[in-house]
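**Student:** Before I ask anything, let me first share the structure, which is written out below as structure tokens.
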Amino acid sequence: MLGIPKIDAHMHVPGEGRRYGFTTEDALRAADRLGIVKLCCSIPLAENRNATPEEMRACNDALDWALQRWPDRLLGYAYLDPGWHREALDEARRCLDRGFIGFKFYHQYLADEPVLYPFYELAIQHRVPMLWHAGRPWCNKLHWQQPRISDAGNLARASRRYPEAVFIEGHIGGGGDWEWSLRELRGAPGVYLDTSGSVVDDGLIDRCVAAVGVERLLFATDMTMEGGVGKLLDAQLTPAQTQAICWDNMQGILDRRR
Amino acid sequence: MEFFDAHASLGHWPFRSHPVRTAAQLLARYDSCGIARGLVGSLSAVCYRDPQAGNDELLAELAPHRERLLPLAVLDPGYAGFERDLAACQAAGCVGVRLFPNYHRYELTAAPGRRALGAVAEAGLLACFVCRHEDRRQRHWLDDPEDLELAALAAGLQPFPTLRFLVLEGIGYQASPFVTDPRWRERRFGLDVSRLETVLYGSIDQLAASLGGDKLVCGSGLPLKGPHSALLKLDLLPDRALAAAVGGTNLMALLQP
Numbered sequence: 001m002l003g004i005p006k007i008d009a010h011m012h013v014p015g016e017g018r019r020y021g022f023t024t025e026d027a028l029r030a031a032d033r034l035g036i037v038k039l040c041c042s043i044p045l046a047e048n049r050n051a052t053p054e055e056m057r058a059c060n061d062a063l064d065w066a067l068q069r070w071p072d073r074l075l076g077y078a079y080l081d082p083g084w085h086r087e088a089l090d091e092a093r094r095c096l097d098r099g100f101i102g103f104k105f106y107h108q109y110l111a112d113e114p115v116l117y118p119f120y121e122l123a124i125q126h127r128v129p130m131l132w133h134a135g136r137p138w139c140n141k142l143h144w145q146q147p148r149i150s151d152a153g154n155l156a157r158a159s160r161r162y163p164e165a166v167f168i169e170g171h172i173g174g175g176g177d178w179e180w181s182l183r184e185l186r187g188a189p190g191v192y193l194d195t196s197g198s199v200v201d202d203g204l205i206d207r208c209v210a211a212v213g214v215e216r217l218l219f220a221t222d223m224t225m226e227g228g229v230g231k232l233l234d235a236q237l238t239p240a241q242t243q244a245i246c247w248d249n250m251q252g253i254l255d256r257r258r
Numbered sequence: 001m002e003f004f005d006a007h008a009s010l011g012h013w014p015f016r017s018h019p020v021r022t023a024a025q026l027l028a029r030y031d032s033c034g035i036a037r038g039l040v041g042s043l044s045a046v047c048y049r050d051p052q053a054g055n056d057e058l059l060a061e062l063a064p065h066r067e068r069l070l071p072l073a074v075l076d077p078g079y080a081g082f083e084r085d086l087a088a089c090q091a092a093g094c095v096g097v098r099l100f101p102n103y104h105r106y107e108l109t110a111a112p113g114r115r116a117l118g119a120v121a122e123a124g125l126l127a128c129f130v131c132r133h134e135d136r137r138q139r140h141w142l143d144d145p146e147d148l149e150l151a152a153l154a155a156g157l158q159p160f161p162t163l164r165f166l167v168l169e170g171i172g173y174q175a176s177p178f179v180t181d182p183r184w185r186e187r188r189f190g191l192d193v194s195r196l197e198t199v200l201y202g203s204i205d206q207l208a209a210s211l212g213g214d215k216l217v218c219g220s221g222l223p224l225k226g227p228h229s230a231l232l233k234l235d236l237l238p239d240r241a242l243a244a245a246v247g248g249t250n251l252m253a254l255l256q257p
């Protein structure tokens, strides 16, 4: 498994310097040891408040610093806070012009709120994916830590409204009740699922395959790096399925770009 | 390296389906990923009113497989006759006990906890503490106990200097008394590294440097967790002697009275 080339569909790097407890070079060295060739990254504002336009741009500029230095290894999602309608759309266009591969939304708004619609229309126009920080925490205490986190139901509704859009639900292994999420996503063919997160439950990937199909699964770590590979090793995957999850599915999304 | 699993269970966890429930299924998983042996407790016993019923089920299930699967008893010191359960399980070959102060609703520093720890220490058995069964974000709404806190564990264990113990499914060890208070260096215990990161953060190496590599063990978490994440952490450790110690020899040493 370590020798199988992989695209990590959900990762973070700090840009210049240290953030999240590591440097971009640390992340690349770790990726090398696990066969991760490309890392699709973002730097979101992970607080329960809106990002200012300046903060949005600063996040994306920090990532762009790394993208320019490691263009063969790093791909970028532009972090957007859709609450800043005009400024955020400008930022989306600026980042697409700089070669970012898509958009990253955090928990400032729910995925099926109308404030997102212009961004979905822009993503459809450019045929780029949108990665959502998502989850379904059961515990009330945790829910109120992120009261506007989107769940699979929000994403499924957004996808039904915009069936041409490519949505990626982030971290099935780190977003609460993954069984609930899988049930919601059965009827949402426009929503891909990334495998990242610190949860390495036995049977997780096999249940994902059974629920949404191999063709909608994307290998990812979200900084849980051995766990990301380990949960694939736990699964009963054929070589062709492994290839699809580790590379072909995400490459297919990237190849859609106009 | 012969991997000795510090954390496996059988029985049924009532809040979610899981594929491995029998000893034969557990051994098949062990064989498929190269795990030689494991310490095994009962999941059912955690939630049964009378945990001994779960212990009895486990002992019957493991009876033909004792060379590879070493039984642990679940004790609830708040339930009638727990001392009899302890004696019965020890007589039946249990090498240790699992205590769940969070599920059985007692404090290790209060009377029921002190009674349990004292009894286990006197019996010369290994005490094991599972900090959590599942990630808090995904738990069933009835599965509500808080994760065990390392500082509370340390406070409870401190008065029992001869007690050997394992902390399983823990995280944040570097800031815990087990690492920051040098008095713990003399104690015999093992911290499970299965939730630490090897390649990105180097957390296992760092913990070994702070605490000593002889105090680290590793558990698969089967059947609730898949085993390969933990195994991969050890496979990727640059220090192969440390990997061998964490993967097996430390636990074997800890099982010796």
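As given, the protein sequences belong to chains A and B, one line each in that order. Going by my numbering, the letters in the first sequence line up with residues 1 to 258, in that order. Going by my numbering, the letters in the second sequence line up with residues 1 to 257, in that order. The beta carbon of each residue, even a glycine, is placed where N, CA and C say it ideally should be. Quick caveat: nothing in here was measured; it's all calculated off a predicted structure.
(1) Count the other CB atoms within 10 Å of the CB of M250 (chain A); is the residue buried (16 or more) or exposed (fewer)?
(2) Report back the beta-carbon spacing between Y79 (chain A) and P44 (chain A) to the nearest angstrom; my notes put them in contact at under 8 Å.
(3) How would you list, in chain order, the residues of chain A whose beta-carbon sits under 7 Å from the beta-carbon of V20 (chain B)?
(4) Once you ignore the five residues that flank I35 (chain B) on each side, which residues in its own chain have a CB closer than 7 Å to its CB?
(5) Give the interface partners of S42 (chain A) over in chain B, defined as CB-CB distance under 8 Å, in chain order.
(6) In terms of residues, what are the limits of the beta strand (DSSP E) holding L62 (chain B)?
(7) Among A:L75, A:A31, A:Y20 and A:A123, whose alpha-carbon lies nearest the alpha-carbon of D90 (chain A)?
(8) In terms of residues, what are the limits of the beta strand (DSSP E) holding G227 (chain A)?
(9) List the residues of chain A whose Cβ lies closer than 7 Å to the Cβ of S229 (chain B), in chain order.
(10) Give the DSSP-derived three-state secondary structure of R132 (chain B) in the structure shown.
(11) Checking contacts by CB at 8 Å: is L200 (chain B) closer than that to chain A?
(12) Got a sec, what are the start and stop residues for the beta strand (DSSP E) S42 (chain B) sits in?
(13) The alpha helix (DSSP H) with K233 (chain B) in it runs from where to where?
(14) Mind listing the chain B neighbours of R161 (chain A)? Cutoff is C-beta to C-beta under 8 Å, in chain order.
(15) Smallest Cα separation from Y77 (chain A): which of A:R33, A:G252, A:R57 and A:M130?
(16) Considering only DSSP beta bridges, list what T23 (chain A) is partnered with.
(17) Taking C-beta pairs closer than 7 Å, name the residues in chain B that P14 (chain A) reaches, listed in chain order.
(18) Between the segment 87 to 115 of chain A and chain B, which residues of the former have a C-beta closer than 7 Å to a C-beta of the latter?
(19) Looking at the C-beta of C208 (chain A), does it have a partner C-beta in chain B at a distance below 8 Å?
(20) Counting only beta-carbon atoms, is G54 (chain B) nearer than 8 Å to chain A?
(21) Distance check for R69 (chain A) and D177 (chain A), CA to CA, integer angstroms please.
(22) Which residue comes first and which comes last in the alpha helix (DSSP H) that contains Y281 (chain A)?
(23) Quick one: Cα of A134 (chain A) to Cα of G248 (chain B), how far?
(24) Would you grab the beta carbon distance between A110 (chain B) and V74 (chain B) for me? Rounded to a whole angstrom, and I think it's under 8 Å.
(25) Does W144 (chain A) pass the burial test, meaning 16 or more other C-beta atoms within 10 Å, or should it be called exposed?
(26) Along the chain, where does the alpha helix (DSSP H) that runs through P5 (chain A) open and close?
(27) Report the residue ranges of all beta strand (DSSP E) runs contained in full by the segment 153 to 202 of chain B; include only those spanning at least 3 residues, in chain order.
(28) With respect to the alpha helix (DSSP H) encompassing Y117 (chain A), which residues constitute its N-terminal and C-terminal limits?
(29) Taking the Cβ atom as the reference point for each residue, do L43 (chain B) and L10 (chain B) lie within a distance shorter than 8 Å?
(30) Mind checking if D222 (chain A) is an interface residue toward chain B, Cβ cutoff 8 Å exclusive?
(31) Straight-line CA distance for L153 (chain B) to D201 (chain A)?
(32) When DSSP labels each residue in this structure, what does H10 (chain A) get in the three-state scheme?
(33) In the DSSP assignment, find the unbroken alpha helix (DSSP H) run with C59 (chain A) in it and report its ends.
(34) Grab the span of the alpha helix (DSSP H) containing D255 (chain A) for me, first residue to last.
(35) From what residue to what residue does the beta strand (DSSP E) around C40 (chain A) run?
(36) Could you name the residues of chain B that C139 (chain A) contacts, counting a contact when the two beta carbons are closer than 7 Å?
**Tutor:** Short version:
(1) Translated into the one-based positions of the first sequence, residue 250 (chain A) becomes position 250. Per the 10 Å Cβ criterion, buried.
(2) Residue 79 (chain A) sits at position 79 when you count from the first residue of the first sequence. Residue 44 (chain A) sits at position 44 when you count from the first residue of the first sequence. The Cβ separation is near 4 Å, so the contact holds.
(3) Reading the second sequence from its first residue, position 20 is the one you call residue 20 (chain B). Correct list: D202.
(4) Taking the second sequence and counting its residues from 1, the one referred to as residue 35 (chain B) is at position 35. Contacts found: F3, D5, S220 and P227.
(5) Residue mapping note: residue 42 (chain A) aligns to position 42 of the first sequence, counting from 1. Going along chain B, no residue has its Cβ under 8 Å from S42 (chain A), so there is no contact; the nearest lies around 17 Å.
(6) Sequence index remark: in the second sequence, residue 62 (chain B) carries index 62 (1-based). First-last for L62 (chain B): P51 to L62, but that is the alpha helix (DSSP H), not the beta strand (DSSP E).
(7) In the first sequence, residue 90 (chain A) corresponds to position 90, counting from 1. Residue A:A123 is the option with its Cα nearest to D90 (chain A).
(8) Counting from one through the first sequence, the residue named residue 227 (chain A) turns up at place 227. Where G227 (chain A) is concerned, there is no enclosing beta strand (DSSP E), although the alpha helix (DSSP H) it sits in stretches over M225 to D234.
(9) Translated into the one-based positions of the second sequence, residue 229 (chain B) becomes position 229. Those within 7 Å of S229 (chain B) in chain A are V200, E226, G227, G230 and K231.
(10) Sequence index remark: in the second sequence, residue 132 (chain B) carries index 132 (1-based). DSSP places R132 (chain B) in coil when its eight states are reduced to three.
(11) As a first step, residue 200 (chain B) is located in the second sequence; it is residue number 200 there, counting from the start. Yes, L200 (chain B) counts as interfacial toward chain A.
(12) Start at 1 with the first residue of the second sequence, and residue 42 (chain B) comes out as number 42. Element bounds for S42 (chain B): I35 to S42.
(13) Numbered from its first residue, the second sequence carries residue 233 (chain B) at position 233. That run of the alpha helix (DSSP H) goes H228 to D235.
(14) Sequence index remark: in the first sequence, residue 161 (chain A) carries index 161 (1-based). Result: empty, since nearest Cβ-Cβ is about 27 Å, beyond 8 Å.
(15) As a position in the first sequence, residue 77 (chain A) is number 77, starting the count at 1. Taking only the C-alpha atoms, the option nearest Y77 (chain A) is A:M130.
(16) Here the question's residue 23 (chain A) lines up with position 23 in the first sequence. DSSP, once it has assigned bridges, lists A:R18 as partnering T23 (chain A).
(17) Within the first sequence, residue 14 (chain A) is the residue found at index 14, counting from 1. Within 7 Å Cβ-Cβ: nothing; P14 (chain A) doesn't reach chain B, min ~12 Å.
(18) none
(19) For the purposes of this step, residue 208 (chain A) is taken as residue 208 along the first sequence, with counting starting at 1. Answer no: the Cβ-Cβ gap between C208 (chain A) and chain B never drops below 8 Å.
(20) Counting from 1 along the second sequence, the entry for residue 54 (chain B) is found at position 54. For G54 (chain B), the answer is no, since every Cβ of chain A falls outside 8 Å of its Cβ.
(21) Stepping through the first sequence from its first residue, residue 177 (chain A) is reached at position 177. Stepping through the first sequence from its first residue, residue 69 (chain A) is reached at position 69. Cα to Cα, the separation comes out at about 38 Å.
(22) Summary: the structure shown does not reach residue 281 (chain A), with chain A confined to residues 1 through 258, and so no result is reported for it.
(23) In the first sequence, the residue the question calls residue 134 (chain A) occupies position 134. In the second sequence, the residue the question calls residue 248 (chain B) occupies position 248. Each residue's alpha carbon lies about 38 Å from the other.
(24) The count along the second sequence starts at 1 and reaches residue 110 (chain B) at position 110. The count along the second sequence starts at 1 and reaches residue 74 (chain B) at position 74. A110 (chain B) to V74 (chain B), Cβ: 19 Å. No contact.
(25) Taking the first residue of the first sequence as 1, we reach residue 144 (chain A) at position 144. Flag for W144 (chain A) reads exposed.
(26) What you label residue 5 (chain A) is simply residue 5 of the first sequence in a count that begins at 1. Here P5 (chain A) belongs to no alpha helix (DSSP H), and DSSP marks it neither H nor E.
(27) 164 to 168 and 189 to 192
(28) If you number the first sequence from 1, residue 117 (chain A) lands on position 117. Taken as a continuous stretch (DSSP letters only), the alpha helix (DSSP H) holding Y117 (chain A) covers Y117 to H126.
(29) As a first step, residue 43 (chain B) is located in the second sequence; it is residue number 43 there, counting from the start. As a first step, residue 10 (chain B) is located in the second sequence; it is residue number 10 there, counting from the start. Contact flag set, yes.
(30) On the first sequence, residue 222 (chain A) is found 222 positions in, with the first residue counted as 1. Answer no: the Cβ-Cβ gap between D222 (chain A) and chain B never drops below 8 Å.
(31) Sequence index remark: in the second sequence, residue 153 (chain B) carries index 153 (1-based). Sequence index remark: in the first sequence, residue 201 (chain A) carries index 201 (1-based). About 25 Å.
(32) Residue 10 (chain A) sits at position 10 when you count from the first residue of the first sequence. Looking at H10 (chain A) - three-state DSSP - the assignment turns out to be strand.
(33) Mapped onto the first sequence, residue 59 (chain A) falls at position 59. C59 (chain A) -> alpha helix (DSSP H) spans P53 to R69.
(34) Locating residue 255 (chain A) in the first sequence gives position 255, counting from the first residue. From DSSP, the alpha helix (DSSP H) with D255 (chain A) extends over N249 to D255.
(35) What you label residue 40 (chain A) is simply residue 40 of the first sequence in a count that begins at 1. Taken as a continuous stretch (DSSP letters only), the beta strand (DSSP E) holding C40 (chain A) covers I36 to C41.
(36) For the purposes of this step, residue 139 (chain A) is identified with residue 139 of the first sequence, where counting begins at 1. Residues of chain B passing the Cβ test: R136, R137 and R139.
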